[in-house]
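Residue numbers (full-length UniProt numbering): 1 to 368.
Remarks on the structure that follows.
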């Protein structure tokens with residue numbers, strides 16, 4: 001926060017100095033050229049073209065707020081969330097499955113359980129079809145494809161719904177890989193067997209009645225289910241070892257490095273789209289809007305550290321931060337923010353204790 005405040009203050013000082021230099025030159029030479037300020041280091045990056053205007057930026061912010069509200073509605077009741085986004089023109093009024101799929105896959109704040117509930121509904125089969133086809137499973141072994149598929153939502157608890165989700169997955173995977181098995185039913189059976197193997201090897205919540213499944217037992221369970229033939233035995237061995245050594249972790253159970261890797265992949269996917277383009281704006285172009293967002297949390301953080309710390313260096317940083325916030329508020333004419341800053345600072349004095357007795361004030365002064 002202090003780094004951002006420092007940057008904004010430098011930009012403000014730069015503009016003030018430039019204005020003074022221009023006025024001085026006008027008076028002495030009548031020269032109207034702008035002298036660049038030495039307060040701010042000139043960026044080596046080229047300024048992007050088509051930088052959004054203030055109005056466009058505000059429209060983007062409003063859209064993000066609506067998207068966040070729609071996400072909250074979706075996490076309570078998926079249908080209500082989609083309707084909210086349609087009503088506020090974030091999604092098309094006529095349901096576009098591809099738009100909905102993009103929303104489901106690229107929004108890391110959605111509840112994975114609710115995603116599974118939504119796409120497994122019989123009334124949303126067109127969305128489920130688009131959702132499954134959004135994955136490129138070409139040259140991807142079925143267990144690896146299943147990992148990619150299951151990290152985006154949580155399987156529902158009902159067997160018919162699980163079967164529906166797995167049927168669409170198996171059919172799409174089978175087509176992506178030039179139909180390597182006898183039929184899509186064989187791919188479905190193998191995919192289901194992989195899930196059962198994952199549960200058998202890694203479910204520690206269930207008291208075991210038998211030892212974990214062995215490779216031979218796994219292959220025996222899949223005997224003659226590939227259109228009356230056997231699957232490639234080496235492939236089954238590879239699948240068994242992959243599942244045994246690395247659990248397929250459902251989204252609700254993702255923690256630590258597994259969750260970080262998933263969020264990183266989501267970020268990379270978002271960066272590939274048009275909304276992921278990095279825009280380099282001129283120094284200070286959006287400082288006013290940025291400060292409007294962060295001044296409250298900044299003053300609160302500075303006040304907390306000033307009140308609780310016993311380190312003189314922290315005191316100096318907090319006081320410097322207060323001064324810079326005041327300077328920026330004054331520069332942009334943000335009188336309400338400036339007033340709130342003064343009120344916050346008064347809490348550290350005896351000015352707000354005027355109703356107390358002189359003895360209480362003396363004790364308070366000594367305590368501070």
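Where a beta carbon is used, it is the ideal one built from N, C-alpha and C, also for glycine.
Extent of the continuous alpha helix (DSSP H) run through residue i
i: residue 172; result: 159 to 176
i: residue 106; result: 97 to 106
i: residue 296; result: 287 to 308
i: residue 336; result: 335 to 346
i: residue 332; result: That residue, residue 332, is in no alpha helix (DSSP H); it is neither H nor E in DSSP.
i: residue 127; result: 125 to 133
i: residue 184; result: 184 to 202
i: residue 78; result: 78 to 87
i: residue 150; result: 142 to 150
i: residue 218; result: 215 to 221
i: residue 117; result: 112 to 119
Nearest-angstrom beta carbon gap, residue j and residue i [assumed within contact, 8 angstroms]
i: residue 345; j: residue 322; result: 7 angstroms
i: residue 181; j: residue 230; result: Not confirmed; about 11 angstroms, so no contact.
i: residue 114; j: residue 75; result: 6 angstroms
i: residue 98; j: residue 317; result: Going by Cβ atoms, the distance from residue 98 to residue 317 rounds to 50 angstroms, so no, they are not a contact pair.
i: residue 90; j: residue 112; result: Residue 90 to residue 112, Cβ: 21 angstroms. No contact.
i: residue 145; j: residue 153; result: About 15 angstroms separates the two Cβ atoms, so there is no contact after all.
i: residue 108; j: residue 263; result: 6 angstroms
Residue closest to residue i, alpha-carbon to alpha-carbon, out of the options
i: residue 244; options: 138, 232, 91, 203; result: 203
i: residue 134; options: 118, 104, 110; result: 104
i: residue 160; options: 214, 192, 211, 151; result: 192
i: residue 441; options: 77, 128, 80; result: Because the chain is modelled from 1 through 368, residue 441 falls outside the range shown and cannot be assessed.
i: residue 187; options: 156, 315, 142, 162; result: 142
i: residue 332; options: 58, 6, 150, 12; result: 12
i: residue 150; options: 138, 140, 165; result: 165
i: residue 232; options: 219, 241, 73; result: 219
i: residue 196; options: 214, 179, 71, 267; result: 214
i: residue 271; options: 77, 106, 120; result: 106
i: residue 7; options: 117, 288, 116; result: 288
Bridge partner(s) assigned by DSSP for residue i
i: residue 229; result: 226
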